[in-house]
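**Q** Numbering (our numbering), first residue to last: 1443 to 2042.
1. So the alpha helix (DSSP H) residue 1773 belongs to, where does it begin and stop?
2. Assuming residue 1868 and residue 1897 make a contact with CB atoms under 8 Å, what is their CB distance in whole Å?
3. What residue range is occupied by the uninterrupted alpha helix (DSSP H) comprising residue 2039?
4. Hey, how far is the Cα of residue 1850 from the Cα of residue 1460?
5. Are residue 1823 and residue 1865 close, meaning C-beta to C-beta below 8 Å?
6. Considering only residues of the segment 1881 to 1948, which uninterrupted alpha helix (DSSP H) runs meet the minimum length of 4 residues and lie entirely inside it, listed in chain order?
7. Helix, strand or coil: which one does DSSP assign to residue 1679?
8. Under 8 Å, with one C-beta from each stretch per pair, do the segment 1671 to 1690 and the segment 1724 to 1735 reach the 3-pair mark?
9. Measure the alpha-carbon distance for residue 1950 versus residue 1748 and round it to whole angstroms.
10. Rounded to the nearest angstrom, what separates residue 1750 and residue 1698 at their Cα positions?
11. Using a threshold of 8 Å, state whether the C-beta atoms of residue 1758 and residue 1787 are closer than that.
12. Should residue 1665 go down as buried or exposed, given a rule of 16 or more other Cβ atoms within 10 Å for buried?
13. Pull up the DSSP beta-bridge partners for residue 1471, would you.
14. With H, G and I counted as helix, E and B as strand and the rest as coil, what does DSSP make of residue 1663?
15. Going straight from the alpha carbon of residue 1457 to that of residue 1470, what length do you get?
16. Between 1462, 1467, 1481, which lies nearest to residue 1489 when the distance is taken from Cα to Cα?
17. Rank 2017, 1944, 2008, 1820 by C-alpha distance to the C-alpha of residue 1996 and give the top, closest one.
18. Sort 2031, 1777, 2002 by Cα distance to residue 1935 and report the nearest one.
19. Enumerate, from N- to C-terminal direction, the unbroken beta strand (DSSP E) stretches of 3 or more residues contained entirely within the segment 1677 to 1717.
20. Residue 1824 by DSSP, collapsed to three states: which one?
21. Note down the Cα distance separating residue 1938 from residue 1828, rounded to an integer number of angstroms.
22. By alpha-carbon positions, which one of 1707, 1454, 2028 ends up nearest to residue 1947?
23. Would you kindly check if the distance between the Cβ of residue 1918 and the Cβ of residue 1954 is under 8 Å?
24. Would you mind stating whether residue 2010 and residue 1770 have Cβ atoms separated by less than 8 Å?
25. So for residue 1461, helix, strand or coil by DSSP?
26. Would you please state the rounded distance, in angstroms, between the beta carbons of residue 1858 and residue 1921? I believe it to be under 8 Å.
27. Just verifying my parser: in three-state terms, what is the DSSP assignment at residue 1981?
28. Starting from residue 1861, trace the alpha helix (DSSP H) both ways and give me its first and last residue.
29. Rounding to the nearest angstrom, what Cα-Cα distance links residue 1833 and residue 1609 in this structure?
30. Quick check: the Cα distance between residue 1694 and residue 1746, rounded to an integer number of angstroms?
31. Identify, in the order they occur along the chain, each residue of the same chain with its Cβ nearer than 8 Å to the Cβ of residue 1894, setting aside the five sequence neighbours on each side.
32. Classify residue 1899 as buried or exposed, calling it buried when 16 or more other Cβ atoms lie within 10 Å of its own Cβ.
33. Enumerate in chain order the residues of its own chain whose CB-to-CB distance from residue 1404 is below 8 Å, with the five nearest sequence positions on each side excluded.
34. Which residues in the same chain as residue 1712 place their Cβ atom closer than 6 Å to its Cβ, once the five residues preceding and following it in sequence are excluded?
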């Protein structure tokens, strides 16, 4: 290293090794780079040979490249054709907007100020992938890595709490502006950022500054593979909650969410790989899932045990994220404990009605509503997840009606049928309680007949939305009508609320034939095949009356759906149905003798 001649201040002739690693333009300041000092990094100097660096045991910094192995580009053909068609005239995909970060502070103004100037990393690269151009794929992967490193460099500056406290305490407006890349009220925004970190005792995530971190790789997996697939499949009903996750907000999330992200990504990858894949890969991923799942449970325990964070928005979101992961985790044992604990936290915050109207929680709570009601259909009537205990059923339905537009993209179920599903669940619970007390309540039979009459009166042709996808809307409406009619008939016959006679058997059989025919057509549509999980399970229960060929068809479809969706729920449903078929007793409560949750 030699200083530059002819300049007032001596300058180095090469970049420092840290700026070179982070792909930044070094300022060549001697004896150490000022950019490294501002970023909280230790400048390794300008020597021709990179100095030795101490690495913690088990931490991987560099990985040796493997020769003669083509890049993993098998997902490009499934995502590019559909995702790129959703770009707006400016060439930016509609899903690349920076998602609103959950505000766990009560007023939310400080955190919104802190996040107001954050610009998302340019994600339009995944819309330009070419399936048949290997050289361009290599270029895109290099471009992706550079963007990740750039984002992590910005995040490392914003996540160093000691540096932020020093800037705020000293009123250093210029440095605050450089950190936030904004000259408008930078100190106020940094104060909001610090308040958020202090309110939830968030640690300093040093490992997030490295692009080889499993958390960073998991989020990148979501943005590159998972989210584009979901967006492409949701063409008929775009889901506003499906957005790319900016790397810049990772240090604002609790550790439980970080580890849950890793589990979700690893489970999806392991379950979606083609059959016959090397078992070593699956085994290694399972070990990682065990480790990160344990870290997530430990972090959740710390979050809930603290009076400061127990009932916070972040605690609710963390538990719900973990619950969603458990539904797709093949190693999960009992998800009901997480759901019951989450319901207690919701009750401590004033109930579902008071929380569902808060914007930072709405998109998360609609998933909980969906999980709760679909789980109750696959559970014994006496062991259902509680709704709002203090409110009546119709009050509960009126509370969730305004947000059903956010539930709809997950199920594509007509609203009237979904609300009747909730009524059937509640009727099963009430009839079971009366049965245990040896009380014969005629009102239950009347209510069951009214619900069944409404289901039969539903006309899919009137509900189907006109346009290019009219036939598919008609098909999904028919599927949900027949599935709900079978669920209503078989589940209430198990409790003696509806009679077991020839008329009921004929109606169930007709809907079973119609449902199976409609499902066969739906599996040929890429826009519908991801949304028929629950109707397929209903068809499997009704297959207790059918031949072995019908049961084999249901089992095969569930196995294919598990691989397509990257979740273990279909495999779990297949196992329950096969055990039910072996008993040879067609009955709804005979199939679901304990609580299950089958949802994508």
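We treat Cβ as the ideally placed atom computed from N, Cα and C, and that holds for glycine.
**A** Taking the definition as stated:
1. Judged by DSSP secondary structure, residue 1773 falls outside any alpha helix (DSSP H); it is assigned neither H nor E.
2. A Cβ-Cβ distance of about 15 Å is found for the pair residue 1868 and residue 1897, leaving them out of contact under the 8 Å criterion.
3. Run containing residue 2039: none; DSSP gives neither H nor E here.
4. Computed Cα separation, rounded: 49 Å.
5. No; because the gap between Cβ atoms is not below 8 Å, this pair is not in contact.
6. As far as the segment 1881 to 1948 is concerned, its whole alpha helix (DSSP H) runs of at least 4 residues are 1884 to 1899, 1902 to 1905, 1912 to 1936.
7. Residue 1679: coil per DSSP, three-state reduction.
8. Taking a contact to require three or more Cβ pairs closer than 8 Å, the segment 1671 to 1690 and the segment 1724 to 1735 do not qualify as touching.
9. When rounded, the separation of the alpha-carbon atoms in residue 1950 and residue 1748 is 52 Å.
10. Going by C-alpha positions, residue 1750 is about 16 Å away from residue 1698.
11. A contact, by the Cβ cut-off of 8 Å.
12. Residue 1665 should be labelled buried.
13. Its beta-bridge partners are 1453.
14. Three-state DSSP puts residue 1663 in a helix.
15. Approximately 6 Å between the Cα atoms of the pair.
16. Closest by alpha carbon: 1462.
17. Taking each of 2017, 1944, 2008, 1820 in turn and checking the Cα distance to residue 1996, the smallest one comes out for 2017.
18. Considering only alpha carbons, the answer is 2031.
19. Along the segment 1677 to 1717, the beta strand (DSSP E) does not occur as any fully enclosed run of 3 or more residues.
20. Residue 1824: coil per DSSP, three-state reduction.
21. Their Cα atoms are separated by approximately 23 Å.
22. Checked all of 1707, 1454, 2028; the closest Cα to residue 1947 is 2028.
23. In this structure, residue 1954 keeps its C-beta atom at 8 Å or more from the C-beta atom of residue 1918.
24. Yes; because the gap between Cβ atoms is below 8 Å, this pair is in contact.
25. In the structure shown, residue 1461 sits in a helix (DSSP, three-state: H, G or I).
26. At roughly 15 Å, the Cβ-Cβ gap does not stay under 8 Å, so residue 1858 and residue 1921 are not in contact.
27. It is helical.
28. Secondary structure note for residue 1861: its alpha helix (DSSP H) is the uninterrupted segment 1857 to 1878.
29. Whole-angstrom Cα-Cα distance: 50 Å.
30. C-alpha separation (whole angstroms): 18 Å.
31. Contacts found: 1927, 1930, 1931, 1940.
32. By the neighbour-count rule (16 or more Cβ atoms within 10 Å), residue 1899 is not buried but exposed.
33. Residue 1404 lies beyond the range of the chain shown here (1443 to 2042); nothing can be said about it.
34. Excluding sequence neighbours, residue 1712 sits near 1724, 1727.
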